[in-house]
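Residue numbers (the working numbering): 13 to 115. Even for Gly, the Cβ is constructed at its ideal location relative to N, Cα and C.
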Amino acid sequence: MAKTEKQVISGYHRPVCKKCNCEMHPETNGVGILDMAEFHTIPGGSSYEPHELYDADLWKCPKCGVEVVGGFGFGPISAHYEKDFQEQINRYEKRGLLIKNMG
Ligand SMILES: [Zn+2]
Numbered sequence: 013m014a015k016t017e018k019q020v021i022s023g024y025h026r027p028v029c030k031k032c033n034c035e036m037h038p039e040t041n042g043v044g045i046l047d048m049a050e051f052h053t054i055p056g057g058s059s060y061e062p063h064e065l066y067d068a069d070l071w072k073c074p075k076c077g078v079e080v081v082g083g084f085g086f087g088p089i090s091a092h093y094e095k096d097f098q099e100q101i102n103r104y105e106k107r108g109l110l111i112k113n114m115g
């Protein structure tokens with residue numbers, strides 16, 4: 013199987029499924045991972061706000077179907093203080109490719 017562009021650049025190994033002893037396959041190249049920052053603003057609880065957005069790849073085990081996200085770029089493509097932050101989030105959300113990371 014052909015390697016993805018990012019693999020050729022960084023040369024990293026594909027994720028391996030421990031249960032099935034096989035390499036995972038790229039399911040979707042270019043998913044958006046939205047890191048959420050936790051704030052303890054509510055008494056006795058916490059709230060989350062979008063913090064940084066990363067572009068990554070979704071991998072899937074061809075046997076058991078477990079999915080993991082890997083292949084993160086070097087840094088976030090946008091962050092909460094940047095003008096295009098919401099616009100970049102929308103780009104992934106519109107295509108159903110946004111995954112929130114609650115930490
Ligand atoms: Zn598996």
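Could you pull out every residue in the same chain whose Cβ sits closer than 8 Å to the Cβ of residue i, ignoring the five residues on either side in sequence?
i, result
"Met13", "Confidence at Met13 is low in this model, with a pLDDT of 46, below 50, so its placement is unreliable and no value can be given for it."
"Val20", "The predicted position of Val20 is uncertain, since its pLDDT is 47 and thus under 50; a value taken from the coordinates is nonetheless stated next. Once the five neighbours on either side are set aside, Val20 has no close Cβ partner at all."
"Thr40", "Asp69, Leu70, Leu109"
How about residue i and residue j: do their beta carbons lie closer than 8 Å?
i, j, result
"Ser90", "Phe84", "no"
"Ile45", "Tyr24", "no"
"Val78", "Cys29", "yes"
For residue i, does the count of other Cβ atoms within 10 angstroms reach 16, so buried, or fall short, so exposed?
i, result
"Asn102", "exposed"
"Lys112", "exposed"
"Tyr93", "exposed"
"Pro88", "buried"
"Cys76", "exposed"
"Glu64", "buried"
"Val43", "buried"
"Pro27", "buried"
Taking the alpha helix (DSSP H) that residue i falls in, what are its first and last residues?
i, result
"Asn102", "97 to 106"
Identify the continuous beta strand (DSSP E) that holds residue i and give its terminal residues.
i, result
"Leu46", "37 to 51"
"Gly115", "No beta strand (DSSP E) holds Gly115; DSSP gives it neither H nor E."
"Pro62", "59 to 72"
"Val78", "Taken as a continuous stretch (DSSP letters only), Val78 belongs to no beta strand (DSSP E), as it is neither H nor E."
If I measure Cβ to Cβ from residue i and keep anything under 7 Å in the same chain, skipping five residues before and after, which residues do I get?
i, result
"Glu50", "Ser58, Tyr60, Gly115"
"Lys31", "Cys76"
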